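K.L.:
Residue numbers (the numbering used here): 34 to 122.
Questions regarding the structure given below will be posed in turn.
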């Protein structure tokens, strides 16, 4: 039974989509994430923040969030998040 639960969690996590980190002008960057199903926007927001943090850590820096925009799930629209950030050394 535990194997099926783990497989279900991995399947849902794999269906979430996170963009590549892109330049957003100056020293800032942006990453966005799209949720799956009727999950709240906190899930794609967390995924986007994890990718931004990993991006900064890879360069030996610390994540500084500039702005977070979220859209909640509604009929016909999946939850999403957009994180604008910079990496501070």
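Ideal Cβ positions, reconstructed from N, Cα and C, are used throughout, including at glycine.
Everything numeric in this text was worked out from a predicted model, so none of it was measured.
Let me check understanding here. Comparing Cα to Cα, which of 50, 121, 122 lies closest to residue 84?
P.N.:
When only C-alpha atoms are compared, the closest one is 50.
K.L.:
Let's test the definition: count the other Cβ atoms within 10 Å of the Cβ of residue 52 and tell me whether it reaches 16, buried, or not, exposed.
P.N.:
Looking at its Cβ environment, which holds fewer than 16 other Cβ atoms inside 10 Å, residue 52 is exposed.
K.L.:
At the level of alpha carbons, what is the spacing between residue 93 and residue 64?
P.N.:
Rounded to the nearest angstrom, the two C-alpha atoms are 18 Å apart.
K.L.:
Near residue 103, which residues of its chain fall below 6 Å by C-beta distance, leaving aside the five closest residues on each side in sequence?
P.N.:
Result list for residue 103: 74, 78, 114, in chain order.
K.L.:
Using three-state DSSP, classify residue 56 as helix, strand or coil.
P.N.:
DSSP places residue 56 in strand when its eight states are reduced to three.
K.L.:
Between which two residues does the beta strand (DSSP E) harbouring residue 65 extend?
P.N.:
Element bounds for residue 65: 61-67.
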